[in-house]
Amino acid sequence: MRQNETGRIRILALLELLDELTDEEHPLSSQELIGLLQEQGISTGRKTVYRDVSALRAHGFEILFSRKPKAGFFLAERRFELPEVRLLMDAVQAAPFLTEKKTAELMRKLSGLMSRTQAGETAGKTHMNLRPKYDNEEIYYTIDAISRAVAQKKKISFLYRRHVIRGNRIVREEGRRFVISPYALIWDSDKYYLAGNYEKYNDVSVYRLDRIKHAEITARAARPFQEVSGYRDRFDAEDYAAKTFHLYHGELQTVVLRCADEALEPLLDKFGGNLKISERENGFFCVRVKVFAGEGLVEWLLQYGDRICVLAPQKLRDQVAERVRCIGKVYGF
Numbered sequence: 001m002r003q004n005e006t007g008r009i010r011i012l013a014l015l016e017l018l019d020e021l022t023d024e025e026h027p028l029s030s031q032e033l034i035g036l037l038q039e040q041g042i043s044t045g046r047k048t049v050y051r052d053v054s055a056l057r058a059h060g061f062e063i064l065f066s067r068k069p070k071a072g073f074f075l076a077e078r079r080f081e082l083p084e085v086r087l088l089m090d091a092v093q094a095a096p097f098l099t100e101k102k103t104a105e106l107m108r109k110l111s112g113l114m115s116r117t118q119a120g121e122t123a124g125k126t127h128m129n130l131r132p133k134y135d136n137e138e139i140y141y142t143i144d145a146i147s148r149a150v151a152q153k154k155k156i157s158f159l160y161r162r163h164v165i166r167g168n169r170i171v172r173e174e175g176r177r178f179v180i181s182p183y184a185l186i187w188d189s190d191k192y193y194l195a196g197n198y199e200k201y202n203d204v205s206v207y208r209l210d211r212i213k214h215a216e217i218t219a220r221a222a223r224p225f226q227e228v229s230g231y232r233d234r235f236d237a238e239d240y241a242a243k244t245f246h247l248y249h250g251e252l253q254t255v256v257l258r259c260a261d262e263a264l265e266p267l268l269d270k271f272g273g274n275l276k277i278s279e280r281e282n283g284f285f286c287v288r289v290k291v292f293a294g295e296g297l298v299e300w301l302l303q304y305g306d307r308i309c310v311l312a313p314q315k316l317r318d319q320v321a322e323r324v325r326c327i328g329k330v331y332g333f
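Mapping the sequence shown onto UniProt numbering, position 108 (from 1) lands on 108, and the numbers just tick up by one.
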């Protein structure tokens, strides 16, 4: 093997060892690195290790020498900091639309962003009350197809699965085929959705990605989102998610709410920190928010009982009151 080729292999092997085995708490001495390289059939010496480390530093790799807890080299700067990798791992574990198989694959790849010791210490540290994972192995393909359809401004076709009850059994049907003008992918409440327009209607609908099968990009041009929404320059997915409730669509309205002080945190979670508070007295305050007033908003309001009351518009107030009356009949009061 030519000398320069041997040198390239050696320096790449050294970088791989530093990346996989070292961190600030676990450096490797030059002798340890020499031994590990020899296990791979690569002969080297102390001066060569120092020269290779210098070459890696010159090419932007932050390799430091530590004297505590022991003397040795370690790779200091990684693509992600340890807390960042932990956040990504927690998100992957918590996402129910990822199957068990896809979750394991992603966790393995994320572990590769840390040293082997850090990966071992991180494993099992997060304890969540996880919901069951879905079983749609097409999720990556679906995300890719939708993303390309949005970029190409083409309609997308797919089967939309659903569950039905037959006898005493829950059965999954392949569902019917939809052709949608796609505008955005939205992650909301641990679910992944496609936001788009179904050609029969003049609004935006959402579809859960875990229920989508056999997604295909069509040759037909997508309907411009400007025709079915209030957005002009771009479809603002963040704004759309903030103004909808469980991503149910409805008429965009200004809603006035009278809220108990203890309802402040849920309101901030939903609407952010720019709430305009008025008429604060006796443990209550009023807020004015612009939202899509529909079935999702009614369901969201009901969970807070007497802590949040609709003052306006009257139509929404009547809808909530009617739902309360229906619930009362079910429970016999």
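Even glycine gets a Cβ: it sits at the ideal position worked out from N, Cα and C.
Next item on the list: Inspect the beta-carbon positions of arginine 46 and isoleucine 34 and report whether they are closer than 9 Å.
Entry: With respect to isoleucine 34, arginine 46 sits close: the two C-beta atoms are nearer than 9 Å.
Note to self: Could you tell me the alpha carbon to alpha carbon distance between glycine 112 and glutamate 20, rounded to whole angstroms?
What the structure shows: Each residue's Cα considered, the two are about 7 Å apart.
Note to self: In the DSSP assignment, the alpha helix (DSSP H) including leucine 148 goes from what residue to what residue?
What the structure shows: Checking the sequence, you will find arginine at residue 148 rather than leucine. Per DSSP, arginine 148 belongs to the alpha helix (DSSP H) from 139 to 152.
Next item on the list: Report the rounded CA-to-CA distance for alanine 312 versus glycine 250, giving the unit in angstroms.
Entry: 16 Å
Margin query: Out of Arg67, Val287 and Gln31, which one is the CA nearest neighbour of lysine 270?
Written below: Val287
Next item on the list: On a CA-only basis, which of Val298, Ile146 and Ser66 is nearest leucine 185? Give me that one, please.
Entry: Ile146
Check: Quick one: Cα of asparagine 129 to Cα of serine 54, how far?
Finding: Its pLDDT being 48, under 50, asparagine 129 is placed unreliably in this model, and the value from its coordinates should be taken loosely. Those two C-alpha atoms are separated by around 47 Å.
Check: Between the segment 314 to 326 and the segment 273 to 292, are three or more C-beta pairs nearer than 8 Å?
Finding: no
Note to self: Classify lysine 200: buried if its beta carbon has 16 or more other beta carbons within 10 angstroms, exposed otherwise.
What the structure shows: Under a 10 Å Cβ-count criterion, lysine 200 is classified as exposed, with fewer than 16 other Cβ atoms of the shown protein chains found around its own Cβ.
Check: Any idea if valine 206 is buried or exposed, counting beta-carbon neighbours within 10 angstroms, 16 or more meaning buried?
Finding: buried
Next item on the list: Report yes if the C-beta distance between aspartate 210 and asparagine 136 is below 9 Å; otherwise report no.
Entry: yes
Note to self: Mapping the DSSP letters down to three states, classify glycine 7 as helix, strand or coil.
What the structure shows: helix
Checklist line | Sequence-distant residues of the same chain with beta carbon closer than 8 Å to valine 204, five excluded per side | finding: Excluding five sequence positions before and after valine 204, the CB atoms of its chain that fall closer than 8 Å to its own CB belong to Tyr183, Ala195, Gly196, Asn197, Phe225, Val228, Ser229, Tyr240 and His249, given in chain order.
Check: How many Å lie between arginine 220 and threonine 142 at the Cα?
Finding: 18 Å
Item checked: Selected residue, minimal CA-CA separation from valine 49, among Leu28, Cys259, Phe245 and Leu106 -> Leu28
Notebook entry, point to check: Can the beta-carbon of glutamine 170 be found closer than 9 Å to that of valine 179?
Noted result: Here the sequence assigns isoleucine to residue 170, which means glutamine is not the residue at that position. No; because the gap between Cβ atoms is not below 9 Å, this pair is not in contact.
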